[in-house]
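Everything on this sheet refers to the single structure shown next.
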Amino acid sequence: MVKELPELRDPAEIWVVSLATAEARRNGFAERAGNAALPWRFFDACTGPAEGMELDELAIRKNKGRALTRGEIGCYASHYSIWRDMVARGVPQAIVLEDDTLVDWAYLERLARADLHATGIDYLRLYAKRPTWQRVVRGDFLQHSRTVIELIGLAYGTQGYAITLEGARRLSEHCRLVRRPIDDEMDRSWAHGMRNLALFPAPILEATVASDIGAARFAPKVDPAFHSLRQKAWRHLERARMRMLKARRLLER
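The numbering of the sequence shown is the working numbering, which starts it at 347 and goes up by one.
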């Protein structure tokens with residue numbers, strides 16, 4: 347049974363991250379969003395670090411075996427900037443999309459009006475790129491057979507998510523120091539302490555278009571910092587923290 351949720355006084359802001367020069371992608375998104383009942387705006391994607399960000403180059407090399415690409419830094423800066431703007435303006439809730447998405451606007455209209463923080467949700471993924479461990483948190487969420495699940499592990503992707511003011515505050519504080527790509531950091535719920543919740547089935551899809559981030563991030567991890575004994579031990583600890591979080595969630599059932 348679909349339960350009524352508390353509603354926001356004003357619908358969530360909807361931002362679409364897109365390079366200012368990506369005319370074809372912007373036109374494609376605008377055409378696909380022709381039936382959207384809610385207002386949305388493009389956010390000009392960053393092409394370099396944002397104010398307040400600090401890159402820890404050594405930590406990045408240890409964690410990824412390489413430096414971040416220019417596209418990864420811009421992606422990180424774009425989402426970080428949106429969170430900082432939310433905090434600065436006191437925006438209660440926002441939905442962040444990327445311009446290569448196909449959107450179920452009818453569902454997003456309901457989501458944009460729901461007070462997520464009042465329901466205990468401060469971050470809600472609308473899409474994930476790969477499966478990982480999950481558990482059901484809440485069924486029939488705003489629609490029959492739409493489920494909120496918790497993900498533990500690296501699901502990757504920043505194609506779309508809803509975030510509250512509290513979620514933006516916590517992620518902007520945690521992500522100020524850059525140690526890995528932004529989606530890696532957002533997935534690490536065992537580190538930042540905020541549940542990595544997601545909708546299933548996903549209300550958005552990723553269109554098959556060329557990535558703005560580039561393929562260099564898939565290159566082999568050749569940096570010696572990644573292969574040091576200390577870093578290998580750290581990765582074992584990271585996996586142990588992930589397993590401990592899974593165990594706690596299983597005990598909560």
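Glycine included, every Cβ here is placed at the ideal spot set by N, Cα and C.
For residue j and residue i, believed in contact at Cβ under 8 Å, the rounded distance
| i | j | result |
| --- | --- | --- |
| A379 | G420 | Rounded, the Cβ-Cβ distance is 23 Å, inconsistent with contact. |
| R435 | G398 | 15 Å between Cβ atoms; not a contact. |
| V363 | V442 | 7 Å |
| L543 | R471 | 7 Å |
| W451 | A553 | Not a contact, Cβ separation roughly 15 Å. |
| G506 | Y469 | So it is not a contact: roughly 12 Å between Cβ atoms. |
| D445 | F375 | 5 Å |
| M588 | G499 | 6 Å |
| E568 | G417 | For the record, residue 568 in the displayed sequence is Val; it is not Glu. Contact doesn't hold; Cβ gap of about 20 Å is too wide. |
| T447 | I528 | Rounded, the Cβ-Cβ distance is 17 Å, inconsistent with contact. |
Terminal residues of the beta strand (DSSP E) in which residue i lies
| i | result |
| --- | --- |
| W386 | Element bounds for W386: n/a, residue is neither H nor E. |
| R516 | Premise fails: R516 lies in the alpha helix (DSSP H), L511 to H520, not in any beta strand (DSSP E). |
| E397 | Here E397 belongs to no beta strand (DSSP E), and DSSP marks it neither H nor E. |
| S491 | Premise fails: S491 is in no beta strand (DSSP E) and is neither H nor E. |
| V362 | E359 to S364 |
DSSP three-state assignment for residue i, whether helix, strand or coil
| i | result |
| --- | --- |
| S574 | coil |
| A374 | For the sequence presented, residue 374 should be read as Gly rather than Ala. Helix, per DSSP. |
| A544 | strand |
| T465 | helix |
| G499 | coil |
| L470 | strand |
| L351 | coil |
| R484 | strand |
| A508 | strand |
| L596 | helix |
| E552 | strand |
| L414 | coil |
| L583 | helix |
| L523 | strand |
Min CB distance residue i to chain D below 8 Å
| i | result |
| --- | --- |
| H490 | Absent from the structure: chain D. Only one protein chain is present. |
Opening and closing residue of the alpha helix (DSSP H) in which residue i lies
| i | result |
| --- | --- |
| L404 | E403 to K410 |
| S535 | S535 to H538 |
Unbroken stretches of the beta strand (DSSP E), 3 residues or longer, contained in the region 418-460: 439-444 and 447-449
Is the region 357-364 touching the region 454-473 in the sense that three or more CB pairs, one from each, lie closer than 8 Å? yes
Counting beta carbon pairs with one atom in the region 410-424 and one in the region 485-502, are three or more of them shorter than 8 Å? no
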